[in-house]
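Engineer:
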Amino acid sequence: MKNYKMFLDIKEEVKEALKNNLPVVALESTIISHGMPYPDNVKMAKKVEDIIRKEGGVPATIAIMDGKIKIGLTDEDLETLAKAKDVMKVSRRDLAVAVSNKVLGATTVATTMICAEMAEIKFFVTGGIGGVHRGYETSLDVSADLEELSQTNVTVICAGAKAILDLPRTMEYLETKGVSVVGYQTKVLPAFYTRESDIQLRHYVDSAKELAEIVYTKDQLNLKGGLLVANPIPVEDSLDDSYMNSIIDKAVEQSVKDGIQGKDVTPYLLKTIVEKTQGKSLAANLALVYNNALVGAKIAKEYFNLK
3 MKNYKMFLDI KEEVKEALKN NLPVVALEST IISHGMPYPD NVKMAKKVED
53 IIRKEGGVPA TIAIMDGKIK IGLTDEDLET LAKAKDVMKV SRRDLAVAVS
103 NKVLGATTVA TTMICAEMAE IKFFVTGGIG GVHRGYETSL DVSADLEELS
153 QTNVTVICAG AKAILDLPRT MEYLETKGVS VVGYQTKVLP AFYTRESDIQ
203 LRHYVDSAKE LAEIVYTKDQ LNLKGGLLVA NPIPVEDSLD DSYMNSIIDK
253 AVEQSVKDGI QGKDVTPYLL KTIVEKTQGK SLAANLALVY NNALVGAKIA
303 KEYFNLK
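Residues 3 to 309 in the working numbering are what the sequence shown spells out, letter by letter.
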């Protein structure tokens, strides 16, 4: 008999919340290990957790440590992850290897979803999901996040897909896989750094309560797969659409010239964009992550009020 729970190391705070049917919100760890330098990454991670707690939720940051899937990190765990060099970026394909070999690993969106479902956590907050990369017709580069959304029963709150991606094709992929994308106070798919895009959403709501009711109904219907909540960056933090597209286009062009491929593409582009925007894109990234944590905690709280 298979027993994945032997690999779960659930923090006591999270364990008690799950036992008592309280709103738990999962968080990824790649943003800590690969997203920004120390100590900014620790400050960011702690602030996200604080936002969730202030809304009555319990944060559960997920990482791979010592042959275990850690569901909820201590301050010591967080420092270890934030300072370490060569942390493995763990996607679905890497999970068994990372756990078996007892490596230090940070979870991507896809793997955080897998681990959250193992721990019976229903809600997960991130910055932006992966998707279909620009130049897909030659690279066939599609993030595992999209496939995970089609099969793993976790609600993901994000600011859309990362703006460096091919957003129309990403949305088409989600449609093909039957993933519900619901806009939170928006009728269009937000483009990460900016609130606007040309991609209209089929479904949108104005309140966390409405979203919680959709998740609850989806559960009762026993529908397979995740639900994606598109929550735009706050107005005051949104960057100009044409300005960002120009910078992203140039960064993508440079990545091709430099021969950047595979898993190196996203970090290369994000680093280049931070440099070209003189840090404005990083400030926007932080703002949207904090906003997603706030909205995610509200949805989780409303959901558990329904039960």
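Ideal Cβ placement from N, Cα and C applies to all residues, glycine included.
Which residues in the same chain as Val-184 place their Cβ atom closer than 8 Å to its Cβ, once the five residues preceding and following it in sequence are excluded?
Structural biologist: On the sequence shown, residue 184 is found 182 positions in, with the first residue counted as 1. Result list for Val-184: Leu-203, His-205, Tyr-206, Val-207, Leu-213, Ile-216, Leu-229, Leu-230, Val-231, Ala-232, in chain order.
Engineer: So if DSSP puts Pro-61 in a beta bridge, which residue, or which two residues, is it bridged to?
Structural biologist: Here the question's residue 61 lines up with position 59 in the sequence shown. BP columns for Pro-61 point to Val-27.
Engineer: What whole-angstrom Cβ distance do Tyr-305 and Lys-124 have, given they're in contact under 8 Å?
Structural biologist: For this step, residue 305 is matched to residue 303 along the sequence shown. For this step, residue 124 is matched to residue 122 along the sequence shown. So it is a contact: roughly 7 Å between Cβ atoms.
Engineer: Please list the segments of the alpha helix (DSSP H) lying wholly inside the segment 242–275, counting only runs of 4 or more residues, in order along the chain.
Structural biologist: You should have 243–259.
Engineer: Below 7 Å CB to CB, which residues in the same chain sit around Tyr-186 once its five sequence neighbours on both sides are set aside?
Structural biologist: The residue given as residue 186 occupies position 184 in the sequence shown. Same-chain partners within the cutoff: Val-207, Leu-213, Val-231, Ala-232, Asn-233, Val-297.
Engineer: My assumption, with CB atoms under 8 Å, is that Glu-177 sits in contact with Thr-114. Please give the rounded CB distance.
Structural biologist: If you number the sequence shown from 1, residue 177 lands on position 175. If you number the sequence shown from 1, residue 114 lands on position 112. Not quite, the Cβ-Cβ distance comes to about 23 Å (not below 8 Å), so this is no contact.
Engineer: Suppose the cutoff is 8 Å on Cβ atoms and the five residues either side in sequence are ignored; what does the same chain contact list for Gly-162 look like?
Structural biologist: What you label residue 162 is simply residue 160 of the sequence shown in a count that begins at 1. The residues are Gly-130, Ile-131, Leu-169, Leu-191, Pro-192, Ala-193, Phe-194, Ser-199, Ala-232, Pro-234.
Engineer: Pick helix, strand or coil for Gly-107, following the three-state DSSP scheme.
Structural biologist: Indexing the sequence shown from 1 puts residue 107 at position 105. Here Gly-107 sits in strand by DSSP.
Engineer: Per the contact definition of three or more C-beta pairs closer than 8 Å, is the segment 63–82 in contact with the segment 97–113?
Structural biologist: In short, these stretches touch, since the Cβ pair count reaches three.
Engineer: For Thr-196, which three-state DSSP category applies?
Structural biologist: On the sequence shown, residue 196 is found 194 positions in, with the first residue counted as 1. Reduced to three states, the DSSP call for Thr-196 is strand.
Engineer: Just the C-alpha distance for Gln-153 and Ser-248, rounded to the nearest angstrom, thanks.
Structural biologist: Along the sequence shown, read from residue 1 onward, the residue named residue 153 stands at position 151. Along the sequence shown, read from residue 1 onward, the residue named residue 248 stands at position 246. Rounded to the nearest angstrom, the two C-alpha atoms are 35 Å apart.
Engineer: Pull up the distance between the alpha-carbon of Leu-20 and that of Ala-84, whole angstroms please.
Structural biologist: Looking up residue 20 in the sequence shown gives position 18. Looking up residue 84 in the sequence shown gives position 82. If I take the Cα positions, the gap works out to 26 Å.
Engineer: Could you check the C-alpha separation between Ile-73 and Ser-182 for me, to the nearest Å?
Structural biologist: As a first step, residue 73 must be located in the sequence shown, where it is residue number 71. As a first step, residue 182 must be located in the sequence shown, where it is residue number 180. When rounded, the distance between both Cα atoms is 26 Å.
Engineer: Taking 8 Å as the cut-off, does the segment 38–53 touch the segment 285–303 (at least 3 CB pairs, one atom from each stretch)?
Structural biologist: Yes: at least three Cβ pairs fall under 8 Å.
Engineer: Considering only residues of the same chain and omitting the five flanking positions on each side of Val-16, which have a CB-CB separation below 7 Å?
Structural biologist: As a position in the sequence shown, residue 16 is number 14, starting the count at 1. Cβ neighbours of Val-16 beyond the five flanking positions: Val-26, Val-60, Ala-62, Ile-73, Gly-74.
Engineer: Are the CB atoms of Ile-301 and Ala-210 nearer to each other than 9 Å?
Structural biologist: Against the sequence shown, residue 301 aligns to sequence position 299. Against the sequence shown, residue 210 aligns to sequence position 208. For Ile-301 and Ala-210, yes; Cβs fall inside 9 Å.
Engineer: Can you pull the DSSP bridge partners for Tyr-186?
Structural biologist: As a position in the sequence shown, residue 186 is number 184, starting the count at 1. In DSSP, Tyr-186 forms a bridge with Val-207.
Engineer: Tell me where the beta strand (DSSP E) around Phe-306 begins and ends.
Structural biologist: As a working mapping, residue 306 is identified with position 304 in the sequence shown. From DSSP, Phe-306 is part of no beta strand (DSSP E) but of the alpha helix (DSSP H) over 282–308.
Engineer: Out of curiosity, what's the CA-to-CA distance linking Leu-148 and Thr-172?
Structural biologist: Your numbering for residue 148 matches position 146 in the sequence shown. Your numbering for residue 172 matches position 170 in the sequence shown. So the alpha carbons of these two residues sit roughly 8 Å apart.
Engineer: Starting from the Cα of Val-127, find the closest Cα among Ser-145, Thr-157, Ala-100, His-135 and give me that residue.
Structural biologist: Start at 1 with the first residue of the sequence shown, and residue 127 comes out as number 125. The option with the nearest alpha carbon to Val-127 is Thr-157.
Engineer: Using a 10 Å radius around the Cβ and a threshold of 16 neighbouring Cβ atoms, would you call Asn-287 buried or exposed?
Structural biologist: The sequence position of residue 287 within the sequence shown is 285, counting from 1. Flag for Asn-287 reads buried.
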